[in-house]
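Written below as structure tokens is the structure these notes are about.
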Amino acid sequence: MKRNTTIKILLTIGLFIAIFTKVHPEEVIGVITTINPAYLGLALLIVPLLYIVRTYRWSICLQRVGMYVPFTQLFGVVIIGLFYGLITPGKLGELGRVYHLNMSKATTLPTVFVEKLIDLFILTILSLVTIILVFQDQAIMIGMLLTCMCVIIIATGVLVNRKTVGLFARIFGFAGENVDSYVESISSLIKHTPTMSRVVLSTVGYYTVSYIIGYFILLSLCIDTFATVTLPIIVLIGNVPITISGLGLRESVGALCFVLLGIDGMYGFSFSLILFVIITLVPGLVGYALCMKPGYSSA
Numbered sequence: 012m013k014r015n016t017t018i019k020i021l022l023t024i025g026l027f028i029a030i031f032t033k034v035h036p037e038e039v040i041g042v043i044t045t046i047n048p049a050y051l052g053l054a055l056l057i058v059p060l061l062y063i064v065r066t067y068r069w070s071i072c073l074q075r076v077g078m079y080v081p082f083t084q085l086f087g088v089v090i091i092g093l094f095y096g097l098i099t100p101g102k103l104g105e106l107g108r109v110y111h112l113n114m115s116k117a118t119t120l121p122t123v124f125v126e127k128l129i130d131l132f133i134l135t136i137l138s139l140v141t142i143i144l145v146f147q148d149q150a151i152m153i154g155m156l157l158t159c160m161c162v163i164i165i166a167t168g169v170l171v172n173r174k175t176v177g178l179f180a181r182i183f184g185f186a187g188e189n190v191d192s193y194v195e196s197i198s199s200l201i202k203h204t205p206t207m208s209r210v211v212l213s214t215v216g217y218y219t220v221s222y223i224i225g226y227f228i229l230l231s232l233c234i235d236t237f238a239t240v241t242l243p244i245i246v247l248i249g250n251v252p253i254t255i256s257g258l259g260l261r262e263s264v265g266a267l268c269f270v271l272l273g274i275d276g277m278y279g280f281s282f283s284l285i286l287f288v289i290i291t292l293v294p295g296l297v298g299y300a301l302c303m304k305p306g307y308s309s310a
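Take 12 as the starting number for the sequence shown in the working numbering and just add one per residue.
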């Protein structure tokens, strides 16, 4: 087992141990067993819409670089990408979607990078607004989010800079023409205002659907639905690649946010876990099934 994987497993276990010193497992089980199945069912029914919006967003980026894929086929590739993201830190495995497209990876990889950057940017903005309006006295959290914003800006600069991309290409043995194709593709995406506007708007739509799903999960838990405002913070921190699939980290942040709202931490833990299961785990398992199915090796 690789050292990094071992560290992530230990951190995941450590975080769960720390959580369960404050939140007792039997209480969480008690909360989950009393869930209102009707509201949870509604949340599950909305999940496909989430990935329809994400597929539409990716199709916008792909069309900009000259690739047109049938929507249903592209939807399948997006779901497969969820499985890859499920088993990799920070969902970086979603970059593997490009291996299911019959096109130069140097051309298609920038489309996934742009999606990821816009995702993180919107999540950080939503989280920052939530903290400023709801958790005004949490200076540490504000500092963390501002740091995230700086990292996103720096990452964007690195990903579009010909010299830095060329440096990484030489390290990993990629040809110079691939670098040129990559830089041309990512520049055409970022510098094309109509495309970026549509990508940003579809990302906002994606998180609007996420809020609705979170709303129904809270109704199923019989919790004040105002706690839906914590969703972007939970999702953003869950993307930090220090534990397996964000497990433990996401739930601890959920518990903390709920406590700050005056709600028992076990509900924050349960909310975060259920959110992960129905938005990421279940679709990710469907992605695994698709990955094993003939016909999705390329699009």
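Idealized CB from N, CA, C, for every residue including glycine. It should be emphasised that the depicted structure is a prediction, and the values quoted were computed from it without experimental measurement.
Taking 8 Å as the cut-off, the Cβ atoms of L51 and S231 count as close. Around the beta carbon of F82, a 10 Å sphere encloses fewer than 16 other beta carbons of the protein chains shown; the residue is thus reported as exposed. Shown here, Y79 sits in coil according to DSSP, grouped into three states, outside any helix or strand. Its chain contains S281 as the residues whose beta carbon lies nearer than 7 Å to that of I43, once the 5 sequence neighbours on both sides are disregarded; these appear in chain order.
In this model, I201 and G154 are separated by some 27 Å (Cα to Cα). Cβ-Cβ distances below 6 Å link S283 to I245, R261, E262, G265 in the same chain, with the five nearest sequence neighbours on each side left out; the list follows chain order. When the five nearest sequence neighbours on each side are left out, the beta carbons in the same chain lying within less than 7 Å of the beta carbon of V240 are those of T141, V145, in order along the chain. Taking the Cα of A49 as reference, the smallest distance to any Cα among L229, L296, C161 is reached at L229. Between the alpha carbons of K174 and A166 lies a distance of about 14 Å. One alpha carbon belongs to L97, the other to D191, and they sit about 31 Å apart.
Apart from sequence neighbours up to five positions away, the residues of its chain that approach T66 with a beta-carbon distance below 8 Å are F82, L85, F86, V89, ordered along the chain. The alpha-carbon separation between I46 and C233 amounts to approximately 8 Å.
Annotation for C161: the continuous alpha helix (DSSP H) segment containing it runs 150–171. Per DSSP, reduced to three states, the secondary structure at L229 is helical.
The DSSP-derived three-state label of K202 is coil.
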